[in-house]
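Here is the structure we will look at.
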Amino acid sequence: MKVNKQKLLTPRQKKVLDYIKKFKERKGYSPTLNEIANYLRKSLSTAQHYVEELKNRGFLKKSENMARGITPVEETQRILLLGYIAAGKPIEPIENPEPINIPVSMINKAGNYYALKVKGNSMIDDGIADGDIAVIQHMITANNGDTVVAITEKGATLKVLRKQKGLIFLEPRNRKLKNIYPKELEIRGKFCGLIRRE
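What the sequence shown shows, in the working numbering, is residues -6 to 191, in sequence order.
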């Protein structure tokens, strides 16, 4: 059973954490300790105490010597990195699972997910580059226009699924490459998020 870490916070800690998250969502940057103290109507040392507690419990990251260096730590979920997927020409994925953490906001709790490391630049026009990690929701059907993991007679590939006039084909998102018209096609998942390469 997964424990909701938020329930383990005191009401005051939760209030501070919620304020920092909402401030960052609204303004695009984190509040300073002074702004947190003003919000709480408490002293700077009290605000610092709450921030340190939240940092020690894993809810915040704090960059030293930066006024706005307080960052909420997003909750993550562990999924398996199953290998490589071609975004150039199809290749077989490497079946050597490795666990990775992804932000919970990237996925729907009801789904079954896995990750694949992208090889090639056939999806570059959609911002999917060589070395990025594609987060995939396992499914066997997809709609026209969905980016999918497809298994063809040549192997596995990441492309846009197209259905036009009774014809089904795979479209790369790179103007230099041509559409793929496979003889065999099996959907293994739908692209739902990207973790940018380091």
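For each residue, glycine too, the CB sits at the ideal point set by N, CA and C.
Quick caveat: nothing in here was measured; it's all calculated off a predicted structure.
Check, Outcome
"Within 10 angstroms of the Cβ of Lys233, are there 16 or more other Cβ atoms? Answer buried if so, exposed if not.", "The structure shown does not extend to residue 233, since the chain is modelled only from -6 through 191, so no value can be given for it."
"With DSSP as the reference, label Ala79 as helix, strand or coil.", "strand"
"When the Cα atoms are used, what is the spatial distance from Ile29 to Gln70?", "29 Å"
"Please state whether DSSP places Cys185 in a helix, a strand or coil.", "strand"
"Put Arg19 into one of helix, strand or coil per three-state DSSP.", "helix"
"Provide the residue span of the alpha helix (DSSP H) that contains Ile273, from first to last.", "In the structure displayed, the chain extends from -6 to 191; residue 273 sits before or after that span and is not available."
"In or out: Tyr107 buried (at least 16 other Cβ within 10 Å) or exposed?", "buried"
"The alpha helix (DSSP H) with Lys152 in it runs from where to where?", "It is not in any alpha helix (DSSP H) - Lys152 instead sits in the beta strand (DSSP E) that spans 148 to 157."
"Quick one: grab the DSSP three-state call for Arg71.", "strand"
"By how many angstroms is the C-alpha of Gly51 removed from the C-alpha of Glu58?", "Checking the displayed sequence, the identity of residue 58 turns out to be Asn instead of Glu. Rounded to whole angstroms, Asn58 to Gly51 spans 20 Å at the Cα level."
"Are there 16 or more other CB atoms within 10 angstroms of the CB of Ile133, so buried, or fewer, so exposed?", "exposed"
"Please state if the CB of Leu160 and the CB of Ile126 are separated by a distance shorter than 8 Å.", "no"
"Could you have a look at Ile29 and say whether DSSP puts it in helix, strand or coil?", "helix"
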